[in-house]
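J.: Here it is: the structure, laid out below.
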Amino acid sequence: DTGVSQDPRHKITKRGQNVTFRCDPISEHNRLYWYRQTLGQGPEFLTYFQNEAQLEKSRLLSDRFSAERPKGSFSTLEIQRTEQGDSAMYLCASSLDSGTQPQHFGDGTRLSIL
Amino acid sequence: RKEVEQDPGPFNVPEGATVAFNCTYSNSASQSFFWYRQDCRKEPKLLMSVYSSGNEDGRFTAQLNRASQYISLLIRDSKLSDSATYLCVVNQPSGSARQLTFGSGTQLTVLP
């Protein structure tokens, strides 16, 4: 399967714990995006990378959130000191190097904070 | 005002019906438009891009009205498998780092 893959699919953790998610984009895509989606809403942009450079972070991305893409391939999204409001689906997408290109999404990581 | 607005539905239609979804966007400088489909608890999947002249893909027709900042999706001869949430997606203008803004989605259920 050469699509976008995310790991884990589900994560259940206690409030206050740190969690890290991984995303492997489609290999020839140099743009990688993270979104968050809650029930009844469309995905909300969090951050995006062009190659290894993180070019923008949304206001939704508090100081507890950090994303990396060290070699311009896979990316990680870490949430520190999780809060119940962090419960959501975290989606990763990738695209070719153009704002007009459609983005292809991974299956997402569903985070549940107890 | 939301950047991308859609009627949330739900739309419940019988098999074989024609159904249309509308979407409005606030930024007149937006350049690219898409419809994505999302099944329950699954990731969004690209359904089709929307071109200025309108475009068709089988039973699906997308149209764009830049003057009214309005996008539509028409589904003809709807199938049970068309049941999903349809997301209207608009990109940000060139020069803005943020790429896509999603509507909240319109839920469609096709009934036997």
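Protein chains in written order, with this note's numbering: chain A, 3 to 116; chain B, 538 to 649. In this text, a Cβ means the ideal position worked out from N, Cα and C, and glycines have one as well. This one's a predicted model, so the numbers in the text were calculated from it and none came from an experiment.
#1: Reducing DSSP to helix, strand and coil, say where Ser-590/B ends up.
#2: Keeping to the same chain, check which residues put their C-beta closer than 7 angstroms to that of Val-647/B; ignore five residues upstream and five downstream.
#3: List the residues of chain A that Leu-610/B touches, going by C-beta distances under 7 angstroms, in chain order.
#4: Identify each residue in the stretch 580-605 of chain B for which the Cβ-Cβ distance to at least one residue of chain A is less than 8 angstroms, and report them in chain order.
#5: What do you get for Gln-600/B, buried or exposed, if any count of 16 or more other CB atoms within 10 angstroms of its CB means buried?
#6: State the DSSP-derived secondary structure class of Ser-618/B, mapped to helix, strand or coil.
#7: Using a Cβ-Cβ cut-off of less than 9 angstroms, list which residues of the stretch 550-569 of chain B approach chain A; keep chain order.
#8: What number of angstroms, rounded off, separates the C-alpha of Arg-61/A from the C-alpha of Leu-48/A?
#9: Against chain B, with Cβ distances strictly below 9 angstroms, would Asp-65/A count as a contact?
#10: Between which two residues does the beta strand (DSSP E) carrying Cys-25/A extend?
#11: What residues match up with Ala-90/A in a beta bridge as DSSP calls it?
#12: Can you say whether Thr-4/A is buried or exposed, counting buried as having 16 or more other CB atoms within 10 angstroms of its CB?
#13: From Val-21/A to Ser-64/A, what does the alpha carbon distance come to, in whole angstroms?
T.: With the given structure in hand:
#1: As a first step, residue 590/B must be located in the second sequence, where it is residue number 53. DSSP places Ser-590/B in coil when its eight states are reduced to three.
#2: As a first step, residue 647/B must be located in the second sequence, where it is residue number 110. Correct list, in chain order: Val-550, Glu-552, Ser-615, Lys-616, Leu-617, Asp-619, Ser-620.
#3: Here residue 610/B corresponds to residue number 73 of the second sequence, with the count starting at 1. What Leu-610/B touches in chain A: nothing, since even the nearest Cβ is about 15 angstroms away.
#4: Glu-580, Pro-581, Lys-582, Leu-583, Ser-586
#5: Indexing the second sequence from 1 puts residue 600/B at position 63. When all chains shown are included, Gln-600/B counts as buried.
#6: The count along the second sequence starts at 1 and reaches residue 618/B at position 81. In the structure shown, Ser-618/B sits in a helix (DSSP, three-state: H, G or I).
#7: Gln-568, Ser-569
#8: The count along the first sequence starts at 1 and reaches residue 61/A at position 59. The count along the first sequence starts at 1 and reaches residue 48/A at position 46. Straight-line Cα distance between these residues: approximately 8 angstroms.
#9: As a working note, residue 65/A is residue 63 in the first sequence. Not one chain B Cβ lies under 9 angstroms of Asp-65/A.
#10: Within the first sequence, residue 25/A is the residue found at index 23, counting from 1. From DSSP, the beta strand (DSSP E) with Cys-25/A extends over 21-26.
#11: Within the first sequence, numbered from 1, the residue matching residue 90/A stands at position 88. BP columns for Ala-90/A point to Leu-113/A.
#12: Counting from one through the first sequence, the residue named residue 4/A turns up at place 2. So Thr-4/A ends up on the exposed side.
#13: On the first sequence, position 19 is the one that residue 21/A refers to. On the first sequence, position 62 is the one that residue 64/A refers to. Looking at the two C-alpha atoms, the distance is approximately 15 angstroms.
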